[in-house]
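A.B. asks: For the sequence shown, the UniProt record's numbering gives the first residue as 1, with consecutive numbering after it.
Just so you know, even glycine gets a beta-carbon here, dropped at the ideal spot from N, CA and C.
Note that the structure is predicted; figures quoted are calculated from it, not measured.
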Amino acid sequence: MYRNLKVVPRVVFGRGCLDQLDAILEPQRKGSGIMVFILDDFFEGKALEKRLPFRKGDLLLKVNVDKEPKTTGIDALTEQVKNFCGKDVMPDGVVGIGGGSILDTAKAVSLMLTNPGPSHEYQGWDLIQYPGIYHVGIPTLAGTGAEVSRTAVLTGPVRKLGLNSDHTVYDQVVLDPDLLEGVRESIPEQWFWTGMDCYIHNVEALCGTFVNEYARAFGEQSQVLCREVFLDHHPESDEKLMMASYFGGMSIAYSQVGACHALSYGLSYVLGLHHGIANSIVFDYLEEFYPDGVKEFRAMAEKNRIQIPRNLTADLSEAQMEKMIDVSMGMVPLWENCLGKDWQEKMSRDRMRKLFEKM
Ligand code: NAD
Ligand code: ZN
Numbered sequence: 001m002y003r004n005l006k007v008v009p010r011v012v013f014g015r016g017c018l019d020q021l022d023a024i025l026e027p028q029r030k031g032s033g034i035m036v037f038i039l040d041d042f043f044e045g046k047a048l049e050k051r052l053p054f055r056k057g058d059l060l061l062k063v064n065v066d067k068e069p070k071t072t073g074i075d076a077l078t079e080q081v082k083n084f085c086g087k088d089v090m091p092d093g094v095v096g097i098g099g100g101s102i103l104d105t106a107k108a109v110s111l112m113l114t115n116p117g118p119s120h121e122y123q124g125w126d127l128i129q130y131p132g133i134y135h136v137g138i139p140t141l142a143g144t145g146a147e148v149s150r151t152a153v154l155t156g157p158v159r160k161l162g163l164n165s166d167h168t169v170y171d172q173v174v175l176d177p178d179l180l181e182g183v184r185e186s187i188p189e190q191w192f193w194t195g196m197d198c199y200i201h202n203v204e205a206l207c208g209t210f211v212n213e214y215a216r217a218f219g220e221q222s223q224v225l226c227r228e229v230f231l232d233h234h235p236e237s238d239e240k241l242m243m244a245s246y247f248g249g250m251s252i253a254y255s256q257v258g259a260c261h262a263l264s265y266g267l268s269y270v271l272g273l274h275h276g277i278a279n280s281i282v283f284d285y286l287e288e289f290y291p292d293g294v295k296e297f298r299a300m301a302e303k304n305r306i307q308i309p310r311n312l313t314a315d316l317s318e319a320q321m322e323k324m325i326d327v328s329m330g331m332v333p334l335w336e337n338c339l340g341k342d343w344q345e346k347m348s349r350d351r352m353r354k355l356f357e358k359m
């Protein structure tokens, strides 16, 4: 069986296209008229907040993402929206404006407004029963591919796992490279970690056993763009990085990530590290899996004067190390993509422990 891929049906791209948001939302305001804007609280009081097309009766939620989204946080936001709208009233749309954390938050709130019960019950594949509220994604950082993916990654009581479903996919994305302007200068490390998430997605997809020409076409073009951004510092890097992220997301949608993401999920779960930085920490030690990719990644880190954190696992307790291994071992499709069907013969707990001990 081939995957019947759901993709984002509407995409607007270009500098300043955020100004079209009001016109894009207008035809959707046909029920309660209420739009819910979920904005990264980093933008509180900044020019971007003032550019959002609020109308009377809309709801603005400013959400902090110092910690990545949790199922409990999503449930609380969903309650807040329900209380605001009143009994039996739903908003006409949910708009997420921020990096991957906010893009996932807005997807999850849209879904949890129409699917009963707590969000952790939907962590997994195709557990979502009903379409969510119309949802729009507006990235302010580029790399995760969350703007195109069919998942909203959440940390729950037992695991970090996405709400993976066709309903998760955005109805509309607004890709405005202006929103990335200055990110490289103001938060160079975050710019790099999020960008490397994209670079690593591509390496893992292109080197994986699941890859096909669909995934390869997007993944290779995304790598070309990543090189122009992270090695050449091309003058149109904001445009290029935005498209690299989109293409990277399209590539893994028809393939899968691999060893780096499998290990990074374990590392993040136990140490509370953010996704992008955790991937970079792990990838630096994966020469045995991705020799060319790791070499180029190091050249990108050097070119951008980025220091990868080290010595993070030295003081872990035995229980923490075991948990890290459990979480990573649980990423079955990722290992299968990286090492093939017989991955368990190649990736023992002992081999994994030795990798973690280096980090
Ligand atoms: P992020 O959204 O976690 O944001 C990182 C930091 O950058 C935050 O402090 C945020 O406030 C700040 N920020 C955002 N935009 C900014 C801007 N323009 N200028 C200055 N600061 C800004 O970072 P991310 O790397 O984009 O996203 C990581 C999240 O994405 C993780 O939660 C991860 O699980 C998720 N993710 C999701 C998918 C998916 O397919 N759904 C894929 C990969 C990662
Ligand atoms: Zn990733």
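1) Buried or exposed: Asp66, going by 16 or more other Cβ atoms within 10 Å of its Cβ?
2) With a threshold of 7 angstroms, establish whether the CB of His274 neighbours any heavy atom of the ligand ZN.
3) Check whether the stretch 147-158 and the stretch 201-210 are in contact - that is, three or more C-beta pairs closer than 8 angstroms.
4) In whole angstroms, give me the CA-to-CA distance for Val294 and Val327.
5) Using the C-alpha atoms, what's the distance from Met359 back to Gln307?
6) Out of curiosity, what's the CA-to-CA distance linking Ala146 and Glu318?
7) For Lys346, which residues from the same chain have a beta carbon less than 7 angstroms from its beta carbon, with the 5 sequence-adjacent residues on both sides left out?
8) Tell me, to the nearest whole angstrom, how far the beta carbon of Phe230 is from that of Asn304; I am working on the premise that it is less than 8 angstroms.
9) Starting from Met35, follow its DSSP beta bridges and name the residues at the other end.
10) Can you tell which of Trp191, Met196, Ser119 has the C-alpha that lies nearest to the C-alpha of Thr140?
11) Mark Phe54 as exposed unless 16 or more other C-beta atoms lie within 10 angstroms of its C-beta, in which case mark it buried.
12) Based on DSSP bridge pairs, tell me the residues matched to Asn164.
13) According to DSSP, simplified to helix, strand and coil, what is Phe13?
14) Buried or exposed: which applies to Met1, given that a residue is buried once 16 or more other Cβ atoms fall within 10 Å of its Cβ?
15) Roughly how far, in whole angstroms, is the beta-carbon of Leu163 from the beta-carbon of Ala262, given that I think they are within contact range, below 8 angstroms?
16) Helix, strand or coil for Gly98, going by three-state DSSP, please let me know.
17) Let me know the secondary structure DSSP gives Thr155 once reduced to three states.
18) Cα-Cα, which of Tyr130, Leu60, Lys30 is closest to Asp41?
19) Does DSSP put Gln221 in a helix, a strand or coil?
20) With respect to 7 angstroms, is the separation between the Cβ of Asp197 and the closest non-hydrogen atom of the ligand ZN below this value?
21) Can you confirm whether the stretch 29-49 touches the stretch 88-96 when touching is taken to mean that 3 or more C-beta pairs between the two stretches lie within less than 8 angstroms?
22) Our contact map puts Gly248 next to Asn202 with C-beta atoms below 8 angstroms; I'd like the distance itself, whole angstroms only.
23) Report the residue from Arg353, Lys87, Gln28, Val332 whose alpha carbon sits nearest the alpha carbon of residue 368.
24) Just list the residues that DSSP pairs Val136 with in beta bridges.
25) Is Lys70 helix, strand or coil when you go by DSSP?
26) Would you mind reading off the limits of the beta strand (DSSP E) that contains Val332?
C.D. replies: Short version:
1) By one-based count along the sequence shown, residue 66 stands at place 66. Exposed is the call here.
2) As a working mapping, residue 274 is identified with position 274 in the sequence shown. No, Cβ of His274 sits at least 7 angstroms from all heavy atoms of the ligand ZN.
3) no
4) By 1-based counting over the sequence shown, the position of residue 294 is 294. By 1-based counting over the sequence shown, the position of residue 327 is 327. Cα to Cα, Val294 sits roughly 23 angstroms from Val327.
5) For the purposes of this step, residue 307 is taken as the residue at position 307 of the sequence shown. For the purposes of this step, residue 359 is taken as the residue at position 359 of the sequence shown. Roughly 14 angstroms separates the two Cα atoms.
6) Taking the sequence shown and counting its residues from 1, the one referred to as residue 146 is at position 146. Taking the sequence shown and counting its residues from 1, the one referred to as residue 318 is at position 318. Their Cα atoms are separated by approximately 34 angstroms.
7) To locate residue 346, count along the sequence shown from 1; it is residue 346. Cβ within range, chain order: Leu339.
8) Locating residue 230 in the sequence shown gives position 230, counting from the first residue. Locating residue 304 in the sequence shown gives position 304, counting from the first residue. Confirmed, about 6 angstroms.
9) As a first step, residue 35 must be located in the sequence shown, where it is residue number 35. Looking at the DSSP assignment, Met35 forms a beta bridge with Gly93.
10) Taking the sequence shown and counting its residues from 1, the one referred to as residue 140 is at position 140. The candidate whose alpha carbon is nearest that of Thr140 is Trp191.
11) Taking the sequence shown and counting its residues from 1, one reaches residue 54 at position 54. By the neighbour-count rule (16 or more Cβ atoms within 10 Å), Phe54 is not buried but exposed.
12) Here the question's residue 164 lines up with position 164 in the sequence shown. Asn164 is bridged to Trp125.
13) Locating residue 13 in the sequence shown gives position 13, where the first residue counts as 1. It is a strand residue.
14) Within the sequence shown, the letter at position 1 stands for residue 1. Answer is exposed; the Cβ neighbour count stays below 16.
15) Against the sequence shown, residue 163 aligns to sequence position 163. Against the sequence shown, residue 262 aligns to sequence position 262. The pair is not a contact, with the Cβ atoms about 19 angstroms apart (cut-off 8 angstroms).
16) To locate residue 98, count along the sequence shown from 1; it is residue 98. It is a strand residue.
17) In the sequence shown, counting from the first residue as 1, residue 155 sits at position 155. Residue state, collapsed to three classes: strand.
18) Position 41 of the sequence shown holds residue 41. Among Tyr130, Leu60, Lys30, the Cα nearest to that of Asp41 is on Leu60.
19) As a working note, residue 221 is residue 221 in the sequence shown. In the structure shown, Gln221 sits in a helix (DSSP, three-state: H, G or I).
20) The sequence position of residue 197 within the sequence shown is 197, counting from 1. True, at least one ligand heavy atom lies under 7 angstroms from that Cβ.
21) yes
22) Position 248 of the sequence shown, counted from the first residue, corresponds to residue 248. Position 202 of the sequence shown, counted from the first residue, corresponds to residue 202. Correct: roughly 5 angstroms between the Cβ atoms.
23) Because the chain spans 1 through 359 in this model, residue 368 falls outside it and cannot be assessed.
24) As a working note, residue 136 is residue 136 in the sequence shown. In the DSSP output, where bridge partners are listed per residue, Val136 has Val95, Gln172.
25) One-based indexing of the sequence shown puts residue 70 at position 70. If DSSP states are grouped into helix, strand and coil, Lys70 belongs with the strands.
26) Residue 332 sits at position 332 when you count from the first residue of the sequence shown. Segment 332-339 is the alpha helix (DSSP H) holding Val332; no beta strand (DSSP E) there.
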